[in-house]
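Reading through the structure tokens given below for one structure.
Protein chains: 6
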Amino acid sequence: MSNIEKITAEDKASILVEALPYIQEFYGKTIVIKYGGNAMINEELKQQVMKDIVLMKYVGIRPVIIHGGGPDITSFLKKFGKATEFISGLRVTDKETVQIAEMVLAGKINSEIVNRLNRLGVHAVGLSGKDADLIIAHKKLAEVHDGSDKVQHVDIGYVGEVEKINTPLINDLLDKDYVPVIAPIGAGKADESFNINADYVAAEIAGALQAEKLLLLTDTKGIYRDFEDKSSFISTLTQNEAKKLINSGNIAGGMIPKVEACLHALDSGTGKACIIDGRESHSLILELFTSQGIGTEVVR
Amino acid sequence: MSNIEKITAEDKASILVEALPYIQEFYGKTIVIKYGGNAMINEELKQQVMKDIVLMKYVGIRPVIIHGGGPDITSFLKKFGKATEFISGLRVTDKETVQIAEMVLAGKINSEIVNRLNRLGVHAVGLSGKDADLIIAHKKLAEVHDGSDKVQHVDIGYVGEVEKINTPLINDLLDKDYVPVIAPIGAGKADESFNINADYVAAEIAGALQAEKLLLLTDTKGIYRDFEDKSSFISTLTQNEAKKLINSGNIAGGMIPKVEACLHALDSGTGKACIIDGRESHSLILELFTSQGIGTEVVR
Amino acid sequence: MSNIEKITAEDKASILVEALPYIQEFYGKTIVIKYGGNAMINEELKQQVMKDIVLMKYVGIRPVIIHGGGPDITSFLKKFGKATEFISGLRVTDKETVQIAEMVLAGKINSEIVNRLNRLGVHAVGLSGKDADLIIAHKKLAEVHDGSDKVQHVDIGYVGEVEKINTPLINDLLDKDYVPVIAPIGAGKADESFNINADYVAAEIAGALQAEKLLLLTDTKGIYRDFEDKSSFISTLTQNEAKKLINSGNIAGGMIPKVEACLHALDSGTGKACIIDGRESHSLILELFTSQGIGTEVVR
Amino acid sequence: MSNIEKITAEDKASILVEALPYIQEFYGKTIVIKYGGNAMINEELKQQVMKDIVLMKYVGIRPVIIHGGGPDITSFLKKFGKATEFISGLRVTDKETVQIAEMVLAGKINSEIVNRLNRLGVHAVGLSGKDADLIIAHKKLAEVHDGSDKVQHVDIGYVGEVEKINTPLINDLLDKDYVPVIAPIGAGKADESFNINADYVAAEIAGALQAEKLLLLTDTKGIYRDFEDKSSFISTLTQNEAKKLINSGNIAGGMIPKVEACLHALDSGTGKACIIDGRESHSLILELFTSQGIGTEVVR
Amino acid sequence: MSNIEKITAEDKASILVEALPYIQEFYGKTIVIKYGGNAMINEELKQQVMKDIVLMKYVGIRPVIIHGGGPDITSFLKKFGKATEFISGLRVTDKETVQIAEMVLAGKINSEIVNRLNRLGVHAVGLSGKDADLIIAHKKLAEVHDGSDKVQHVDIGYVGEVEKINTPLINDLLDKDYVPVIAPIGAGKADESFNINADYVAAEIAGALQAEKLLLLTDTKGIYRDFEDKSSFISTLTQNEAKKLINSGNIAGGMIPKVEACLHALDSGTGKACIIDGRESHSLILELFTSQGIGTEVVR
Amino acid sequence: MSNIEKITAEDKASILVEALPYIQEFYGKTIVIKYGGNAMINEELKQQVMKDIVLMKYVGIRPVIIHGGGPDITSFLKKFGKATEFISGLRVTDKETVQIAEMVLAGKINSEIVNRLNRLGVHAVGLSGKDADLIIAHKKLAEVHDGSDKVQHVDIGYVGEVEKINTPLINDLLDKDYVPVIAPIGAGKADESFNINADYVAAEIAGALQAEKLLLLTDTKGIYRDFEDKSSFISTLTQNEAKKLINSGNIAGGMIPKVEACLHALDSGTGKACIIDGRESHSLILELFTSQGIGTEVVR
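Protein chains in written order, with the numbering used here: chain A, 138 to 437; chain B, 138 to 437; chain C, 138 to 437; chain D, 138 to 437; chain E, 138 to 437; chain F, 138 to 437.
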């Protein structure tokens, strides 16, 4: 960062003023951030994301954070001697597994994010989907494709999907200037916990809050028309185009659920949904407050 | 409970009306409950305590719950293959130990209490001391008495004591009719977590909220002037008498920190502090809403 | 009540908790009570009804009381040497009669209810229909059936029917936690007072407030399909069934206006309307907070 | 009033504007009016006082009315065949007498004032001292002077004096723009009613509300230094002078309690207290909004 | 005004009470006043209008003042050596001219009105259309009729017409009890100022505020069916009749824009629009608070 | 500014985040800015100051602007053919002069600032000291030193000094998110206007608002211990030191009133007072949001 040190204070002041139109655009708006990937592992990136969120709060944005579990869940399961099995990309989750996942998500990762934000000068509050029944969930079955045309639905335990988001707690906290940090654990109707994909949770919450933007921090630069051809990078994509790219197979693999989350967020009332590269320094600020923007934006 | 079934509806109605003066006494008041011991282990007692809290909420009380960790922490440490060492009754707590304690407290026990309360019809919100810097803590040294007169202070790691309670988050939640459920984890100034005795945390929070009452659920009937003589049970005790009984050794062992918590709560502005027997059915309701009361009350 | 004294504190606590689902059901709801009959004469019943209302208030209900005149009006008229004449069940009411009725209703009965409630620990406020034009009324003519098919409408003086309920005063008082106690006097547009049937006033007020329930305290157990056959008692009745029973003559005499009041309350937006036996101890609490319920409920 | 008809609209407009400084002086202020005497008997005066109060309300004053019983109580007692006995100017008041007094005050006079005010376009609410325990009272003994120096205190029944005014109900109503009209009935601690001198009640309420002014409508022009000498009329009197005139006997008879009420009102925080002539047309408006003023003002 | 001095205080009090129905009619209502003409020149009239406005405020009206420029603008232009040219009755307004107009309107006339009102005891706040973009305007072209049928539109510089009224600032000030005084300067989108006809501005503001009344102070008695025949004066006129009188030429010259302003105000939601004679003493009070009324009222 | 264009978006994002601690420091604080000098003349500087203020607003500061008159007053006086005479540095100000000054300040300069700010996306409201009696002033006499020891006080007309600042209007506007822009015109008690030194007005307003900071934009770099020696520049100065430098003559000439304004602001409760160089680009942002700071800060 030696470059920055060479920049004069005068130029820095100009740069701050240059950001004004972007700051004005998002003033008073709710922005939902899915925090995950490398930005949760690399210490420097971690601290940058935290600062970005604090800055967003201070320039008048209402940020809401949903985090994933990163490698911590798998690592803790290992410590407990639990093997991890996946079916169609979903972790088979027995009662003990979801218990450990919840402990890691709500009792370790969430807590660490909250603490880091507070140390930087906001009032963050950690939540899970159980708090005030924030995320009501039910069981999600895995879809298994055997050779035939039929899709089998397989019970893989306590993997959930969102049934309802109860927004009053989030809004009560936002109205009192707290920063909500939410672990993607859903409350089942029979006392059970569900582990839910954090991208989907973020999309559902963005929709329920009628957020201005959903920002998904990922470990890719965004969406390419042709993944092999780096020059085919897409900055802005309509919902229809996105669906076509999924159908044509150009959006594939781990990108599919992310794009589906974006589509769902837009369908349920979010303004825009962006897949941004969490491996970049200050990616949130770059996306929101500079002319450059980063990543791929999905719009209506 | 077959007895109750024999009681006529008319008598039940009379019993409800009989509770009116007690309900009036606590209407609108804040009551802090330390939830722990057998009442956290026995399924029937668990459910009863939860119902008691929900009833308290519905008859106009502002309940605040602080819970301990029960045997879960030790059991999880064992699963991780961590041996547990105690010095002067305090668990030696290295970084990994406090991490596991936090995961168990905030990610398992707290979450379960929140979920049970919500299923019974209130809006509970789980918190730890890190949320909005609710509990600021610093390291507590163990006092070790060797044969000599001197007391040695030994560093036993991430065992904390409360430095400051920040009440705004609790009050914001109470004002919006949520039931706060708090794990006794403290936030250190250098990002570290501290495990703190839940009785002390409850006492500090009761004082900071200027609560009407602090109720410590324990596994004893209360305080005896002479523990051997069951007829010497004490219903009400002044602060001075309590101090004398500690000095004379009549209050001893595990009861000392509980009585000290009561004394501290009174010193910092709580109205009354009670040690009650969590092994009794509906002990909270018995204490608050019947002429009998239970346990030992410490008053100014 | 010696039975109750034999019930242990533990059982009493259980009974309180047993009431929780009922308390939750009515929390924050408005319930309109027509207070009359024996429950206004018998000292023990009087005091029980008052306690029931105070308990309702403390467990979160918004109770509104409308009272009748009981035998007091007739007795005072007698003291004044006024003979009482009835036409079709309605008291012929000259100017002096309505004056005395108003004095008895607003200056004696209302005042006594208010005072009793206040002594038990709520803040009751006595109102008549004149306060802030709460009840706007006009003259009601008596229907006289001579032998022929024709119905004659006879002017019997200052007997009124409700033209409009102005709810702001009631709501302003409820919002500030007062218990409104209302005498069934209507304000005419030309300065005159009208005496109005209290059941009808209660029904109109329940409708205007969109109350959860209207409870009419009567001196009967409720409605029978066949009044002679005690086994034909009806716990729940739809509006249509009620109309049929009136047409068929199974509901007759003094029960007709009560059932009509219930029907009108339902039509104008009240949730449920119940005729309950005010001669029972704690009949309101029995009805609301026990599984037994009492009396006959008229529903949509 | 034919004079007024000759006044041009232009002059009328000028007169309205002339009142501006007086209107500004009392804007937002609480003024307590004791309504009694001829102004309660003469139909024309009655209606004028009502209009005066409504005008006061519309130009921004917070008026509070306390009324006496006038000749109605005696007349109703007569109808009931109760003889009226006085000791030291106070009515001997048995249980039946206070009951009739309360019925007349709260159920007839109060109700009529409320209705008249409402017809003129405000929202008046009738209260007695029992509403929300507005006036807590205890028994007042009559002082009997036999020839000797000693004063005997004689129990004359349910004649009360104010023990405490509970202002929240009055303020809640004023804040919601209602006009409170209060009957001088006090609530005793043992369920009994007390009849209280309305001048004293008005003085106590003025003090409790920290009113700007107490206006006592009387049937005299005010206070004279020498009652025989009409030229000795006093427009403004200090508390000390008033006390001297009582001691010297220049203020005597029925004027003494009125002046004592004024002195008490000033002592307890009322700004000014005025004895004004209720037999004059629009005496309240004359006093408040013209340069003339009327009656005698007692000041600190 | 010697007449008024002969009127007794009693008659004055009666006159105040006589105004009550008018005061009630306008209580809490917004009334927009276009202040201009002789009432801005004659010192006595000036002071009377100011007092009228202050009285309006104190009897519960929400007055909003829009003022014209009177002869001051022309006189200042002269001092600057600027000749004034008119095309179709509109002043040709170059950049310097609009600058001087704005200085005179916002920096002299507005300021003087504000100061006078404040001295009389209200809190007036001076605004121009630039404050919080209160009046957004664009250029208005002059319509020039040469002999032919065609109308030519001629650019005469910075003469504007209203594009949008932003009411929040006015309402925020009214809600806090300030009296807004507005200069008819509009803000263009490219930083330019526009001078706008004050009658039109008043009409637009009355409409945007959904005012109860628009009062245009003029130097005529109002509208005549036949201007030559003083007996043909019109007190009330419908919109349709007004349009007919314009088409027939009976409303002509300077009266046309005033009547058009009235018509526009009614179209955009104002209750009534009145042209009143500002040369009369206390014309505003005469119009609002006496049975006489003055001027011509245009209604739907 | 080509340099800035070379800075990468990544570096720009870092620079924004770097400003976070400064943004946090001033969040929610009131900062009073005296706007004058070159920054009011140079078009580029003008626009920069406006953007700086808008940015301040959007990052949570409550800015209040007081502006001077710059060369405009003198230039308009010239146009009017008024010669300008100064006594002891104060303009001799007759009635016509103060009239023109007010027109220029309130009707031209203020209006332009308001318009520029609004175009950049805030809601600015122009005020003068007359609005809601914001600045109450009285005449200031010039101090003339002849050769002798005596100081003569000379009446120079409508030059004023602040008697009282009425803050409610400013706070009402700030609470509703408006940016107040204030012309330094004072309201005299006898309807007269006073022209007041804008530095002093800013200091008085900063004190009355208990502002966090007063920023005086000047045409110098700040204060030097020895004006000749550029290396003696002072970044921070205590009140005592400042007084000494005035007494010793090191602070002299036009800098004296500025330093006196700072001292007065501190005395009346402002946190800090800074003299900053308005000739620098983005001087406000430089001062507030970079580590460099500029100008001289006077502290307690």
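Heads up, the beta-carbon is just placed ideally off N, CA and C, and yes, glycines get one too.
| Item | Value |
| --- | --- |
| Quick one: residues in its chain with C-beta nearer than 7 Å to the C-beta of residue 221/C, no 5 flanking neighbours on either side, listed in chain order? | 211, 214, 228 |
| Run through DSSP, which three-state label would residue 332/B get? | strand |
| Please report whether the beta-carbon of residue 186/A lies at a distance below 8 Å from any beta-carbon of chain F. | no |
| Please confirm if residue 236/F has its CB atom under 8 Å from at least one CB of chain E. | yes |
| Nearest to residue 345/B by CA position, among 302/B, 354/B, 170/B, is which residue? | 302/B |
| Quick test of your reading: residue 434/D and residue 373/D, contact by CB under 8 Å. State the CB separation rounded to the nearest angstrom. | 5 Å |
| Output, in chain order, the set of chain C residues within a Cβ distance shorter than 7 Å of residue 217/D. | 216 |
| Classify residue 297/F as helix, strand or coil using the three-state DSSP reduction. | strand |
| Cα separation between residue 287/C and residue 399/C? | 27 Å |
| Give the secondary structure of residue 218/F by DSSP, where H, G and I count as helix, E and B as strand, and everything else as coil. | coil |
| Return the CA-CA distance between residue 149/C and residue 183/B, expressed in angstroms with no decimal places. | 19 Å |
| Could you pull the start and end residues of the beta strand (DSSP E) that residue 414/A belongs to? | 409 to 414 |
| Report the rounded CA-to-CA distance for residue 387/A versus residue 224/A, giving the unit in angstroms. | 23 Å |
| Pairs of beta-carbons, one from the region 418 to 430 of chain C and one from the region 155 to 172 of chain D, closer than 8 Å: are there three or more? | no |
| Let me confirm a value: residue 139/B is counted as buried when at least 16 other C-beta atoms fall within 10 Å, else exposed. Which label applies? | A caution first: residue 139/B carries a pLDDT of 48, below 50, which makes its placement in the model unreliable, though a value can still be read off. Exposed: under 16 other Cβ atoms inside 10 Å. |
| Count the other CB atoms within 10 Å of the CB of residue 142/C; is the residue buried (16 or more) or exposed (fewer)? | exposed |
| Beta strand (DSSP E) containing residue 320/F: first to last residue? | 315 to 320 |
| In chain C, what lies closer than 8 Å to residue 270/D by C-beta? | 255, 260 |
| Starting from the C-beta of residue 243/C, find all residues in its chain whose C-beta is less than 8 Å away, skip the five residues before and the five after it, and write them out in chain order. | 263, 265, 320, 322 |
| Closer than 7 Å between beta carbons: that is the criterion. Which residues of the region 284 to 315 of chain A meet it against chain B? | 306, 309, 313, 315 |
| For residue 361/C, which of helix, strand or coil comes out of DSSP? | strand |
| Under 8 Å between C-beta atoms, does residue 231/F make it to chain A? | no |
| Closer than 7 Å by beta-carbon distance: list the chain C residues that pair up with residue 251/D, in chain order. | 267, 268 |
| In this structure, does DSSP put residue 324/E in helix, strand or coil? | strand |
| Could you check whether residue 333/D and residue 299/D sit closer than 8 Å to each other, using their CB atoms as the reference points? | yes |
| Rounded to whole angstroms, how far is the Cβ of residue 191/D from the Cβ of residue 172/D, which I believe are closer than 8 Å? | Actually they are not in contact, since the Cβ atoms of residue 191/D and residue 172/D sit about 13 Å apart, beyond 8 Å. |
| Identify the continuous alpha helix (DSSP H) that holds residue 237/C and give its terminal residues. | 232 to 241 |
| Could you tell me whether the Cβ of residue 439/F comes closer than 8 Å to any Cβ of chain A? | Past the edges of chain F, shown from 138 to 437, lies residue 439/F, and the structure says nothing about it. |
| So, at 8 Å on beta carbons, what are the nonlocal neighbours of residue 248/A in its own chain, with the 5 sequence-adjacent residues on each side left out? | 263 |
| Let me know the secondary structure DSSP gives residue 292/B once reduced to three states. | strand |
| What would DSSP say about residue 265/B, mapped onto helix, strand or coil? | strand |
| For residue 348/D and residue 406/D, I'd like the C-alpha separation in whole angstroms. | 7 Å |
| With a threshold of 6 Å on Cβ separation, who are the neighbours of residue 267/F within its own chain once the five nearest residues in sequence on each side are excluded? | 324 |
| Here's the rule I'm using: 16 or more other beta-carbon atoms within 10 Å means buried, otherwise exposed. How should residue 318/A be labelled? | buried |
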